[in-house]
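Below is one structure, written out as structure tokens; comments come after it.
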Amino acid sequence: MTNHISLAQGREYLAIPGPSVMPDAVLQAMHRPSPNIYEGELIEMMPALTADLKRVARTDHHVAIYIANGHGTWEAALSNVIAPGETVLAPASGRFTYGWAEMAEGIGATAQVINFGTSSGWDFDLIAEALRADKAQEIKAVLAVHVDTSSSIRNDIPALRALLDDLNHPALLMADCIASLGCDRFEMDAWGVDVMVTACQKGLMTPAGIGFVYFNEKAAAKRATMPRVSQYWDWIPRTQPELFYQYFNGTAPTHHLYGLRAALDLIHAEGIEHVWTRHERLATAIWAACETWADGGALHLNVADRTDRSHAVTALRLTDGQGTPLRRFTETQLGLTLGIGLGMEDWDGCFRLGHMGHVNGQMVMAMLGGMETAMAALNIPRGTGALEAAAAILAA
Ligand SMILES: *Cc1c(COP(=O)(O)O)cnc(C)c1O
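For the sequence shown, position 82 (counting from the first letter as 1) is numbered 126 according to the numbering used here, and the numbering increases by one without interruption.
Written as structure tokens, this is what we have:
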């Protein structure tokens with residue numbers, strides 16, 4: 045490339061599937077001195093904060109806050125309801141289910157994994173077979189990743205609930221909504237989810253560092269039967285914000301709480317239904333562009349069926365290992381960072397688009413324009429009219 049200059053100066057756009065873009069309101073809320081952690085404003089803000097966390101997940105039950113990333117919430121949730129020697133069933137549609145299953149084995153449980161590959165959602169016949177075979181009801185929980193961020197598959201949680209009910213299987217339904225909460229529709233109580241884990245750095249738009257375990261009365265009853273629960277992960281003290289020091293088992297994550305407060309204010313001002321619809325519309329525009337490019341033969345969407353796709357993340361593959369060069373181009377030449385492929389065979393071919401949280405129409409058009417530019421620079425064959433196809437969705 046002769047006469048080449050980088051066009052990456054200016055505001056960068058981190059379009060990876062977590063951590064997501066942080067709103068200015070969140071950054072500003074965190075830019076302040078440390079508060080007193082023993083009394084005063086920070087303690088007083090907790091009841092409303094936990095109430096608003098429950099609203100986002102559509103639940104009236106409990107939420108415990110941990111100073112932990114998503115992996116920490118996996119272990120926290122398991123530690124409260126799964127005893128060593130018990131079995132969990134893990135229907136896998138991407139890397140993250142394996143991660144959670146490994147965590148279960150780490151605390152002494154047996155993880156029974158069913159591999160559904162990485163390009164379509166669960167096959168309920170196979171899950172039913174596994175549950176029916178469990179005559180002694182040794183499976184104590186099903187580890188259900190709602191959106192697997194590595195494959196961008198979104199699984200059907202209400203259908204899993206219906207299956208457990210039909211088979212009269214008492215296993216807890218535990219959902220990982222780390223990528224989906226605040227992006228894809230999720231309704232904990234209406235969907236009959238017993239335990240849900242999530243973290244703050246994706247749809248909740250807050251810097252990585254705090255995570256949440258939601259649980260209902262059925263899960264609390266299982267917790268009550270546990271021979272022991274490690275003190276730090278125990279969710280019981282973490283449901284009583286009035287006991288503030290016990291609540292966090294030490295110093296509170298002060299600034300994360302301020303940031304989260306601002307993020308929840310944004311979500312509630314927009315309305316969670318609107319947040320879900322916005323993500324759906326933006327994802328549909330991205331799919332329209334990608335499906336048009338795919339006509340050229342080089343680009344493939346990882347998930348063929350739209351109903352199996354998340355609205356928060358899109359996994360893609362370019363032939364001839366062109367995914368990595370594409371990412372390098374958009375990052376160094378345009379100031380647009382796309383996500384690496386995760387847990388996929390073809391490392392250099394695969395990449396992912398994050399469209400979760402604080403993302404609007406012009407950002408999505410800029411991301412797609414950046415991809416069009418990179419594909420032009422790299423001479424990648426592609427169908428024409430992708431940006432027009434996306435614009436038509438957003439204009440409708
Ligand atoms: C991001 C993510 C995780 C891991 O979260 P960390 O905060 O990186 O530990 C787990 N599950 C899903 C579905 C995710 O998207």
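The beta carbon of each residue, even a glycine, is placed where N, CA and C say it ideally should be. Values in this document were obtained by computation on a predicted structure and should not be read as measured data.
Kindly indicate the opening and closing residues of the alpha helix (DSSP H) around residue 290.
288 to 291
Among the candidates 177, 93 and 142, whose CA atom is the shortest distance from the CA of residue 310?
93
Contact set for residue 237: own chain, Cβ-Cβ below 6 Å, skip 5 residues either direction:
217 and 219
Bounding residues of the beta strand (DSSP E) (the contiguous stretch that carries residue 394):
394 to 398
Cα separation between residue 74 and residue 421?
Those two C-alpha atoms are separated by around 40 Å.
On the criterion of 16 or more Cβ atoms from any shown chain inside 10 Å, does residue 209 qualify as buried, or is it exposed?
exposed
Beta-bridge partners of residue 384, as assigned by DSSP:
395
Tell me which residues share the same chain as residue 320 and place their Cβ nearer than 6 Å to its Cβ, disregarding the 5 neighbours each side in the sequence.
Cβ neighbours of residue 320 within its own chain (closer than 6 Å, five residues either side excluded): 229.
Are three or more beta carbon pairs between the stretch 393 to 406 and the stretch 289 to 296 nearer than 8 Å?
no
Integer-rounded CB distance, given that residue 162 should sit under 8 Å from residue 137
7 Å
Are there 16 or more other CB atoms within 10 angstroms of the CB of residue 260, so buried, or fewer, so exposed?
buried
So does residue 140 have its beta carbon nearer than 8 Å to some heavy atom of ligand 1?
yes
Check each candidate in 175, 356 and 418 and name the one with the smallest Cα separation from residue 398.
Out of 175, 356 and 418, 356 has the C-alpha closest to the C-alpha of residue 398.
Under the three-state reduction of DSSP, which class applies to residue 258: helix, strand or coil?
strand
Below 8 Å, is the gap between the Cβ of residue 115 and the nearest heavy atom of ligand 1?
yes
The alpha helix (DSSP H) that contains residue 207, what's its start and end?
201 to 210
Let me check understanding here. Comparing Cα to Cα, which of 388, 215, 234 and 433 lies closest to residue 133?
215
With a floor of 3 residues, list each beta strand (DSSP E) that falls wholly inside the stretch 112 to 178, ordered by position along the chain.
131 to 136 and 154 to 159
Taking C-alpha atoms, which residue in 430, 66, 426 and 71 lies nearest to residue 410?
430
Mark residue 352 as exposed unless 16 or more other C-beta atoms lie within 10 angstroms of its C-beta, in which case mark it buried.
buried
Just checking residue 222 against ligand 1 - is the residue's beta carbon closer than 8 Å to any of the ligand's heavy atoms?
yes
Please determine, among 323, 378 and 122, the residue with the shortest C-alpha to C-alpha distance to residue 400.
323
Other residues of its chain near residue 337: CB distance less than 6 Å, five sequence neighbours each side excluded
343, 426, 427 and 430
Are there any heavy atoms of ligand 1 lying less than 8 Å away from the beta-carbon of residue 235, as far as the coordinates show?
no
What is the DSSP secondary structure of residue 242, counted as helix, strand or coil?
strand
Of the choices 347, 331 and 265, whose alpha-carbon is the least far from that of residue 194?
Closest option to residue 194, Cα to Cα, is 347.
CB-CB length for residue 414 against residue 374, believed under 8 Å
5 Å
Short Cβ contact (9 Å threshold) for residue 326 with residue 438:
yes
Look at residue 62 and residue 266 and say whether their C-beta atoms are less than 9 Å apart.
no
What residues in its chain sit with their C-beta under 7 Å from that of residue 339, if we drop five residues either side in the sequence?
427
Taking buried to mean at least 16 other C-beta atoms within 10 Å of its own C-beta, is residue 130 buried or exposed?
buried
Going by the beta-carbon positions, is the gap between residue 312 and residue 102 smaller than 9 Å?
no
Residue 56 versus residue 419 - alpha carbon distance:
Rounded to the nearest angstrom, the two C-alpha atoms are 19 Å apart.
Compare the Cα-Cα distances from residue 442 to each of 178, 177 and 171 and report the closest residue.
The chain is shown only over 45 to 440; residue 442 falls outside these bounds and no answer can be derived.
What does the alpha-carbon distance come out to for the pair residue 242 and residue 65?
17 Å
Determine contact between the stretch 359 to 368 and the stretch 174 to 189, defined as no fewer than three beta-carbon pairs at a distance below 8 Å.
no
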